[in-house]
């Protein structure tokens, strides 16, 4: 297969050399490309049209060679003066001409204050996945990025464990502006919860991404694209949000940019504050020897938390000349969450013993994240491009907690030992640092008028360390418990190379084929004992193929195949121990295997309606927060486990309607048959079920510059490994007022109007679990107490009506498919 693939590329190069073409690039006087300009080839004798073409996003045009003769070119584009080339002649050999780079003058004539706005649909379907146009929803103002994701098709947020799934599958990787966020998933979810959706342009839910993307993420990629001002001059925006649910909410942001021809400077700052509330109610029965046998448990748990988040970004883009650009950016994020958790439980030990528990856990979760990037992009010839990116990420997390607990028997006499999890005073600690360096280069070239190749190399190095454990206070002195202390040093290297070809076979058929090879080495050591706990090497090929056929201007068929991988994170693999409750601890699983996924997707779009059918096969999918036991049989261990396999057959549709000029609707459905096999439980089991999620939105344009939105979503019963989670959903509403004279806008939003965002996991219903546990946890999120109401003011200022600057599509931009509509 590989020999055929590279032979195909080589043959394409030979074929390309046998054809001539007219090629060139149009730019502004400042060196910025002019996209989508009309280029006409005219016969000199009678000025009749011979051929026509449009420039691409880089201002490049190409025309297949014509018959010998004398011609001239005409350039036309809105906002620029019409241009005619000097007369030129095409001869039989060579039948082609390179016009180089041509600078056009702006048309200074004013056509009046006419503003045309093209409204984007909320969801758009592409070959690689679904595009969420964040600005098309009123609910995005004042919302967090996590809140927008929650309302997106196929995305389910697990608030209890700070994780997320896509189309019923874990193994999702999150990217920010095309760059993987190589952090523990719980930290990524916390980061998204602190990010303001006002700064987001689109969210790309990529289930079958092409070869230039990392193969990491068996369920797919979620790419979050931030806004970047494209207007010339000095521009900016400010926003402020205040709100209340169970506790107060607030956020404020400011962004500035200054663009003068070759130079683009930009920066932003965001602060958010959120006081939240969650309570749990637990009913459980289990057989634990540490308690003397069979017991029933009734427990409650209330957690209040305050989260403060700071995010700052500065960056620069500089155009050295019309063909060369450099730039860089630095992003700093700091998040602090302080929480207090009160818990109580009654342990009825059969036949007649009783144990009462009261506890308090105070903890802080403090983390810092610094990321930086520099890039170089160079256009070698019209349409031929080279880019290089160098990225650095530093992550630091401290998560200390203090535990106060009291165990009493029926007579209210304290029981327990100071040397185990029943100790009255304990403290846990977890300290993690992680550094990641990434270097990548990409090259693309059109080798024929309708044939383009892309290739690239990427190297990623990660190094980190983690120390965690639990201490008990014995006679006033803190004593470390050796069985809970874990020290880890981790190193990981990933090398990747890819090649792909994009061919326009005819006016209606497009084919893209590529392959990516990745080789990884993961090593984990205990620096205290010099013991090597994990040393794994894995090399694999990841092919991708996509085919699209336009039936007519309104309809298109799409077919694609991809192969992907999900590697366990170092948190998944580490044998750490963190306190959960008196009977359970969190830990990792050094025996975890990576997940290999194959996807086959068929899609159809008709106008703005989209339909797709996706079949995926996962080998060793990873299910997190599973319950297991060990030989000592004294504790529940909550850890990630591999399933044997998982098959998903998923149907997805998005149906927008415009009922009239003031009322639009959108309905979406993602669902289908899901099958999996669990083998980490006492009794292995296979399960098949139908799972789905639905979402809808209705937008109303009202008189007086008002608009309103009503939206909602529902996720059906689903399984995370052996854990069953029943269905849940929410109904939301928003009202927006556009102020006169470009004075900004006000928006009022209400989340979870009906207070239905309650999550119910069940353990032990699918098969026999560790300690024969049967457990029901009822999680009541903050909005079940009171709907979350927010009022947001936002305003843009500066040279907002100036000509727009073309946004860079290099480095991280090259790693994703983009939807651009001005």
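In mature numbering (1 follows the signal peptide of the UniProt record, and there is no 0), the protein residues as written are -16 to -1, 1 to 806. Glycine included, each C-beta is placed from N, C-alpha and C at the ideal position.
Short Cβ contact (8 Å threshold) for residue i with residue j
{"i": "residue 652", "j": "residue 678", "result": "yes"}
{"i": "residue 689", "j": "residue 484", "result": "no"}
{"i": "residue 626", "j": "residue 606", "result": "yes"}
{"i": "residue 813", "j": "residue 129", "result": "Absent from the structure is residue 813, since the part of the chain shown begins at -16 and ends at 806."}
{"i": "residue 691", "j": "residue 720", "result": "yes"}
{"i": "residue 546", "j": "residue 193", "result": "yes"}
{"i": "residue 716", "j": "residue 737", "result": "yes"}
{"i": "residue 56", "j": "residue 37", "result": "no"}
{"i": "residue 270", "j": "residue 599", "result": "no"}
{"i": "residue 46", "j": "residue 16", "result": "no"}
{"i": "residue 265", "j": "residue 659", "result": "no"}
{"i": "residue 125", "j": "residue 776", "result": "yes"}
{"i": "residue 204", "j": "residue 191", "result": "yes"}
{"i": "residue 782", "j": "residue 224", "result": "no"}
{"i": "residue 476", "j": "residue 504", "result": "yes"}
{"i": "residue 207", "j": "residue 159", "result": "yes"}
{"i": "residue 639", "j": "residue 568", "result": "no"}
{"i": "residue 456", "j": "residue 385", "result": "no"}
{"i": "residue 127", "j": "residue 181", "result": "yes"}
{"i": "residue 201", "j": "residue 675", "result": "no"}
{"i": "residue 34", "j": "residue 26", "result": "yes"}
Alpha-carbon spacing of residue i relative to residue j, whole angstroms
{"i": "residue 812", "j": "residue 369", "result": "Absent from the model: residue 812. The displayed extent of the chain is -16 to 806, so no value can be given."}
{"i": "residue 59", "j": "residue 304", "result": "25 Å"}
{"i": "residue 245", "j": "residue 88", "result": "14 Å"}
{"i": "residue 109", "j": "residue 115", "result": "6 Å"}
{"i": "residue 528", "j": "residue 107", "result": "24 Å"}
{"i": "residue 637", "j": "residue 596", "result": "6 Å"}
{"i": "residue 474", "j": "residue 154", "result": "23 Å"}
{"i": "residue 445", "j": "residue 580", "result": "22 Å"}
{"i": "residue 131", "j": "residue 185", "result": "15 Å"}
{"i": "residue 371", "j": "residue 162", "result": "14 Å"}
{"i": "residue 333", "j": "residue 198", "result": "52 Å"}
{"i": "residue 351", "j": "residue 730", "result": "33 Å"}
{"i": "residue 460", "j": "residue 388", "result": "14 Å"}
{"i": "residue 608", "j": "residue 354", "result": "27 Å"}
{"i": "residue 22", "j": "residue 39", "result": "7 Å"}
{"i": "residue 593", "j": "residue 240", "result": "37 Å"}
{"i": "residue 624", "j": "residue 149", "result": "15 Å"}
{"i": "residue 733", "j": "residue 774", "result": "5 Å"}
Residue i, buried or exposed, once every other Cβ within 10 Å from all chains shown has been counted against 16
{"i": "residue 342", "result": "exposed"}
{"i": "residue 552", "result": "buried"}
{"i": "residue 670", "result": "exposed"}
{"i": "residue 707", "result": "buried"}
{"i": "residue 20", "result": "exposed"}
{"i": "residue 496", "result": "buried"}
{"i": "residue 664", "result": "buried"}
{"i": "residue 735", "result": "buried"}
{"i": "residue 512", "result": "exposed"}
{"i": "residue 281", "result": "buried"}
{"i": "residue 539", "result": "exposed"}
{"i": "residue 537", "result": "exposed"}
{"i": "residue 602", "result": "buried"}
{"i": "residue 614", "result": "exposed"}
beta-carbon residue i near the ligand GTP non-hydrogen atom, thresh 7 Å
{"i": "residue 674", "result": "Because no ligand of any kind appears in the structure shown, any question about the ligand GTP cannot be addressed here."}
Sequence-distant residues of its chain with Cβ nearer than 6 Å to residue i (five each side left out)
{"i": "residue 234", "result": "226, 257"}
{"i": "residue 314", "result": "298, 356"}
{"i": "residue 13", "result": "87"}
{"i": "residue 817", "result": "As shown, the chain starts at -16 and ends at 806. That puts residue 817 outside it, with no answer to give."}
{"i": "residue 362", "result": "308, 370"}
Expected contact under 8 Å - CB spacing of residue i and residue j to nearest Å
{"i": "residue 741", "j": "residue 767", "result": "5 Å"}
{"i": "residue 681", "j": "residue 700", "result": "No, residue 681 and residue 700 are not in contact; Cβ-Cβ is about 19 Å, not under 8 Å."}
{"i": "residue 253", "j": "residue 288", "result": "The Cβ separation is near 27 Å, so there is no contact."}
{"i": "residue 648", "j": "residue 641", "result": "7 Å"}
{"i": "residue 770", "j": "residue 284", "result": "Wrong, their Cβ atoms sit about 19 Å apart, outside the cutoff."}
{"i": "residue 759", "j": "residue 147", "result": "Contact flag wrong, Cβ pair sits at about 18 Å."}
{"i": "residue 487", "j": "residue 500", "result": "Not really, about 18 Å apart at Cβ, beyond 8 Å."}
Contacts around residue i, its chain only, beta-carbon distance under 7 Å, and the 5 residues preceding and following it disregarded
{"i": "residue 8", "result": "45, 82, 83, 84, 86, 366"}
{"i": "residue 451", "result": "415, 471"}
{"i": "residue 574", "result": "517, 518, 557, 559"}
Sequence-distant residues of its chain with Cβ nearer than 8 Å to residue i (five each side left out)
{"i": "residue 302", "result": "246, 247, 248, 309, 310, 311"}
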